[in-house]
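**Q** Taken in order, these protein sequences are the chains called A and B. Going from the first sequence to the numbering used here is simple: count from 1 and add 140. Going from the second sequence to the numbering used here is simple: count from 1 and add 693.
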Amino acid sequence: MKYYGYAGKILRINLSKRKISIKDLEKDLMIKFLGGRGFNSKRLFDELPPKIDPLSPENKLIFSTGPLVGTMFPTASRFNVSAKSPQTNILGDSNAGGHFSAEMKYAGYDQIIIEGKSKEPIYLYINDDEIKILDAKHLWGKDVYECDRIIKKDLGDKSIQTVIIGPAAENGVKFAGIFANLMRAAARTGMGTVMASKNLKAIAIKGSKSIEVANPKKFEKIIEEIEEEIYNHPQYWPRRKMGTTRILLPVNAMGFLPTRHFTSTVFEYAENVSGEKLAEEYNIKVRGCFACILPCSRFYIIKEGKYAGLYGEGPEYEPLSSFTARVGNGDLQVALKAIDMVNKLGLDAITTAECISWAMECYEKGWLKKNDVDGLDLTWGNEEAILKLIEKISKREGFGDILADGVKRASEKLGIGKEIAMHVKGLEIIQADPRGAKGYGLGYVVASRGADHLRAEPFMELSDDPKKGEKLFGIPEATIRLEYKGKGKLVSYCEDWCAIVDSLEVCKNVAENMEILPFDKAAEVIEAATGLKLNGKDVRKIGERIINIERAFLIREGIRKEHDTLPKRFLEEPIPSGISKGSIFELEIMLNEYYEERKWNKKTGIPYKEKLKELDLENVIEQFEKIGIEIE
Amino acid sequence: MKKIFIDAFKCSGCRYCELVCSFFHEGKFNPKLSRIRIFKEDEYGIDNPILCSLCSYCSCINICPTNAFYKNDKGFMEINIEKCIKCYKCIESCFFGAVFLHLEKNIPIVCNLCNGDPKCVKKCPTGAIIFTEPNNFTQIKNYEYSRIVYQDFLNKHGMKIKSE
């Protein structure tokens, strides 16, 4: 069978047996799960037995790319990497851009499945059909940058694309990431930790094959339309100038910028650490992911001061705002240094900053004393403490060893600050206070990988435009950020949408936030690229199917309604100051509306049989019945 | 005559040019079939597009033992593939490494300016690839450079140059 859009092959590598197999992409998988995240979630549900140890050889680490990657579709450059998460013990999944995904496609693979565990440290070199398992003893312990340099030297080719783990992953930090193009982090949910548990330091990839599309004329036409839409979008220039950091000041102005570990939502030094400041004083050029016509990454250099000579790419809003407002640091250069460390050591910036800021709040409250934290002074914003803790976490040294398990486990181990450990299902909350953006908040509650904005990303609620909510959901409040009404509809709509975006592996900023690729348009593109005949409704159904198979994975691991919640502060304490003052998160009412919309049982949070049948997920019903999960 | 000029510091390294090039010339997407290639080093933010500079002394034309390389009546570079003996002296001799190898057919490929209407120039999102007369390119560069030179001076006097 000839594939259009897709590369057409699945590569499976068993590191225990050193066995490599290449099979055709299953047509059924393609039609029902589209690509990327959809492929990964389905594969994990089918192939992982429930309740396995995420760090055992039984776990599988899966990389997937999407049907548009490698073509000229603007921003189709991303990949998903998934496994059972050692950080949360549920579905682990992370997504990054750069150039790795396209190279993987050109090498001929839609999905790469890593199984088992190597005895010795190794790395993989994939050059089209030639796959080598190479010794990585000399790479072990090296940071992401160094490792990349050595691999390219060893293989004698600078054009190779890599994904690499840092020392943090090797040391067993539970929230270590996987890094592409040095700074493109697939860092959430500890996928790097899983990679390290398999003794796999890196994957280097090089491809020379071509991607053909089913209907080149139509595809070209759609691309021209999309290009025009992107170039004429009001967000084009702000994004190009500042990337996601452009929202730091607006989020602060709207009063939901998590400051000093969510004790406040307005940061007095926001101007000093803003995207504007970064763009004006530090950025020297733009950089972009593969096939992106809205290059939003920026290369910065610090020219003077203590950190003069530091340079790199980015940062994005999350790490920037995490290492400034969240930890109470008003010095942009310190944040840049912290982010550079996090990248090189291979950590998840959001979780690292949550761990540090959590410890700082405990310190302020007197629950942690100086001698509990290796003599560090954990006053808000203390530069030395922030940078030392990053290092200690990555080495699992002293107090860092406790934090290296994530904030949930750290609070349980120390028996303090459980109610202020800002996580859902073990994954740390991002840099947006759920009380100030309730759609986002509901997104954290129900997201299939724990507290996370990228599963739903209901960006449209920040528009505060009632007409939008009225038009899409018949509820004007749905797109007003401080209202609770209509959020169930908003979040399930956006979740389905994000599932499609993640499966096509295009950029969420452009496809979803900027609303360039709604379901109907996605159907058109998919048809032109792959030849699969779909309409907008079919596409949304695929999105819904992905959400439900992920939910099924969680249900199988024991997640129920009681886990769909937020830390107490957001449910009981109103926002203390700023423009969103007084707002609180109305969990029960929003969650019920969401369950209703999803056709999930309101008492248990388990999808109803009828829904699963409608989505052709009969195998989920069978599995549930086999292992004794009651399903109505 | 008009040529393609590169303003490398503007390049974002997105490789959209490589994609449109391979799609236009080969009907499929593959940067390794492209006549323009970007050479990148992420650590330093290097993104440098390389393609044929249409030199007046073309080492590829001069070295080709079978005269497969020539400039057509419009002055664009062409390769008569039937004559090519795959000695790759063209690849070896090009000063800029702008003659590439077609990985499927094992023949040399080189930019022919899409016969006078270069697609990469049209599609480049950052304006890093410019199709113009040499003198015009000098002007573009020099006006930009002059703004940079004046920026600090004007700032001191409370003036700000508006970006274009």
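All C-beta atoms, glycine included, are put in the ideal place defined by N, C-alpha and C.
1) Can A:R152 and A:E255 be called in contact, C-beta distance under 8 Å?
2) How far does the beta strand (DSSP E) with A:G332 in it extend, from its first residue to its last?
3) When you compare only the Cα positions, how much space is there between B:C707 and B:N741?
4) Along chain B, which residues have their Cβ under 9 Å away from the Cβ of A:P356?
5) Under a Cβ-count criterion, where at least 16 other Cβ atoms within 10 Å of its own Cβ denotes burial, should A:P707 be classed as buried or exposed?
6) Report buried or exposed for B:H850, applying the criterion of at least 16 other Cβ atoms within 10 angstroms of its Cβ.
7) Using a Cβ-Cβ cut-off of less than 8 Å, list which residues of the stretch 697-714 of chain B approach chain A; keep chain order.
8) Just the Cα atoms here: how many angstroms apart are A:L727 and A:D545?
9) Within 10 Å of its beta-carbon, does A:D636 have 16 or more other beta-carbons around it, so buried, or fewer, so exposed?
10) Exposed or buried, which one is A:R633 when buried takes at least 16 other CB atoms within 10 Å?
11) What residue ranges within the stretch 688-734 of chain A form continuous alpha helix (DSSP H) runs of no fewer than 4 residues, ordered along the chain?
12) Since I believe A:R575 is in contact with A:F396 (beta carbons under 8 Å), could you give me their beta-carbon distance rounded to a whole number of angstroms?
13) How about A:S234 and A:F430: are their beta carbons less than 8 Å apart?
14) What residue from A:T464, A:I556, A:E537, A:K341 has the CA that sits closest to A:E260's CA?
15) Can you have a look at B:F788 and say buried or exposed, based on whether 16 or more other CB atoms are within 10 angstroms of its CB?
16) Taking a cut of 7 Å between CB atoms, which residues from the stretch 795-825 of chain B lie near chain A?
17) Say yes only if the C-beta of A:P435 is nearer than 7 Å to one or more non-hydrogen atoms of the ligand ZN, and no if none qualify.
18) Cβ closer than 8 Å: which chain A residues qualify as neighbours of B:G738?
19) Of the residues A:I162, A:A325, A:I729, A:G718, which one's Cα is nearest the Cα of A:K484?
20) When you compare only the Cα positions, how much space is there between B:G809 and A:G676?
21) Select from the stretch 201-218 of chain A all residues with a C-beta closer than 7 Å to any C-beta belonging to chain B, and list them in chain order.
22) If the cut-off is 8 Å on Cβ atoms, which residues from the stretch 773-791 of chain B count as contacting chain A, listed in chain order?
23) Going by the DSSP bridge assignment, what does A:E369 pair with across the sheet?
24) Sort A:L472, A:E456, A:L434 by Cα distance to A:I442 and report the nearest one.
25) Quick check: the stretch 289-301 of chain A against the stretch 444-461 of chain A, are there 3 or more CB pairs under 8 Å?
26) Starting from the beta carbon of A:N321, find every residue of chain B whose beta carbon is closer than 9 Å, and list them in chain order.
27) Looking only at C-alpha atoms, which of A:I424, A:Y447, A:D275, A:F693 sits nearest to A:R438?
28) DSSP beta-bridge partners for A:S437?
29) Going by DSSP, what residues sit across from B:P801 in a beta bridge?
30) Thinking just about the alpha-carbon of each residue, which of A:F240, A:L322, A:Y144, A:E697 is nearest to the one in A:G347?
31) So what does DSSP say about A:K528, is it helix, strand or coil?
32) Between the Cα of A:G312 and those of A:I291, A:K149, A:K338, spot the shortest distance and give me the residue it belongs to.
33) Given that a residue counts as buried once 16 or more other Cβ atoms are within 10 Å of its Cβ, and exposed if not, what is B:M852?
34) Can you give me the C-alpha to C-alpha distance between A:A489 and B:P827, rounded to a whole angstrom?
35) Going by the beta-carbon positions, is the gap between A:I526 and A:V467 smaller than 8 Å?
36) Terminal residues of the continuous beta strand (DSSP E) containing B:F762?
**A** So, from the listed chains and residues:
1) Walking along the first sequence from the start, residue 152 of chain A turns up at place 12. Walking along the first sequence from the start, residue 255 of chain A turns up at place 115. Closer than 8 Å, so yes.
2) Reading the first sequence from its first residue, position 192 is the one you call residue 332 of chain A. Looking at the DSSP string, A:G332 is not in any beta strand (DSSP E); the run it does join, the alpha helix (DSSP H), is 331-337.
3) Indexing the second sequence from 1 puts residue 707 of chain B at position 14. Indexing the second sequence from 1 puts residue 741 of chain B at position 48. The alpha-carbon separation between B:C707 and B:N741 amounts to approximately 11 Å.
4) Here residue 356 of chain A refers to the residue found at position 216 of the first sequence. Ordered by position in chain B, the residues that pass the 9 Å Cβ test against A:P356 are F716, G720, K721.
5) Working through the first sequence from its first residue, we reach residue 707 of chain A at position 567. So A:P707 ends up on the buried side.
6) Translated into positions along the second sequence, residue 850 of chain B becomes position 157. Exposed: under 16 other Cβ atoms inside 10 Å.
7) F702, K703, S705, G706, C707, R708, Y709, L712, V713
8) Walking along the first sequence from the start, residue 727 of chain A turns up at place 587. Walking along the first sequence from the start, residue 545 of chain A turns up at place 405. A:D545 has its alpha-carbon roughly 27 Å from the corresponding atom of A:L727.
9) Indexing the first sequence from 1 puts residue 636 of chain A at position 496. Under this definition A:D636 is a buried residue.
10) Against the first sequence, residue 633 of chain A aligns to sequence position 493. Here residue 633 of chain A turns out to be Tyr, not Arg, going by the sequence shown. Looking at its Cβ environment, which holds 16 or more other Cβ atoms inside 10 Å, A:Y633 is buried.
11) 708-712
12) Looking up residue 396 of chain A in the first sequence gives position 256. Looking up residue 575 of chain A in the first sequence gives position 435. The Cβ separation is near 7 Å, so the contact holds.
13) By one-based count along the first sequence, residue 234 of chain A stands at place 94. By one-based count along the first sequence, residue 430 of chain A stands at place 290. It is not a contact, given that the beta carbons lie outside the stated cut-off.
14) Position 120 of the first sequence, counted from the start, is the residue given in the question as residue 260 of chain A. Of the listed residues, the one whose Cα sits closest to A:E260 is A:K341.
15) Taking the first residue of the second sequence as position 1, residue 788 of chain B is located at position 95. Exposed.
16) L796, P818, T819
17) Annotation note on the ligand ZN: not contained in the displayed structure, which lists no ligands.
18) Here the question's residue 738 of chain B lines up with position 45 in the second sequence. Near B:G738 (Cβ distances below 8 Å), the residues of chain A are I424, K425, R427, F439, Y451, E453.
19) Here residue 484 of chain A refers to the residue found at position 344 when the first sequence is read from its first residue. Of all alpha-carbon atoms in A:I162, A:A325, A:I729, A:G718, the one lying nearest the alpha-carbon of A:K484 is that of A:A325.
20) Stepping through the second sequence from its first residue, residue 809 of chain B is reached at position 116. Stepping through the first sequence from its first residue, residue 676 of chain A is reached at position 536. Approximately 40 Å, taken between the alpha carbons.
21) G210, T211, M212
22) none
23) Along the first sequence, one-based indexing puts residue 369 of chain A at 229. None; A:E369 has no bridge partner.
24) For the purposes of this step, residue 442 of chain A is identified with residue 302 of the first sequence, where counting begins at 1. The candidate whose alpha carbon is nearest that of A:I442 is A:L472.
25) no
26) Looking up residue 321 of chain A in the first sequence gives position 181. Ordered by position in chain B, the residues that pass the 9 Å Cβ test against A:N321 are K733, D735.
27) Along the first sequence, one-based indexing puts residue 438 of chain A at 298. Among A:I424, A:Y447, A:D275, A:F693, the Cα nearest to that of A:R438 is on A:I424.
28) By 1-based counting over the first sequence, the position of residue 437 of chain A is 297. Beta-bridge pairing links A:S437 to A:R427.
29) Locating residue 801 of chain B in the second sequence gives position 108, counting from the first residue. Residue pairing by DSSP places B:P801 opposite B:L794 in a beta bridge.
30) Translated into the one-based positions of the first sequence, residue 347 of chain A becomes position 207. Nearest option by C-alpha distance: A:F240.
31) Here residue 528 of chain A is taken as the residue at index 388 of the first sequence, counted from 1. DSSP places A:K528 in helix when its eight states are reduced to three.
32) Locating residue 312 of chain A in the first sequence gives position 172, where the first residue counts as 1. Measuring from the Cα of A:G312, the nearest candidate turns out to be A:K338.
33) For this step, residue 852 of chain B is matched to residue 159 along the second sequence. Exposed, by the Cβ-count rule.
34) The residue labelled residue 489 of chain A in the question sits at position 349 within the first sequence. The residue labelled residue 827 of chain B in the question sits at position 134 within the second sequence. Going by the C-alpha atoms only, they are around 47 Å apart.
35) On the first sequence, residue 526 of chain A is found 386 positions in, with the first residue counted as 1. On the first sequence, residue 467 of chain A is found 327 positions in, with the first residue counted as 1. Cβ atoms of A:I526 and A:V467: closer than 8 Å.
36) Within the second sequence, residue 762 of chain B is the residue found at index 69, counting from 1. Note, B:F762: beta strand (DSSP E), 762-764.
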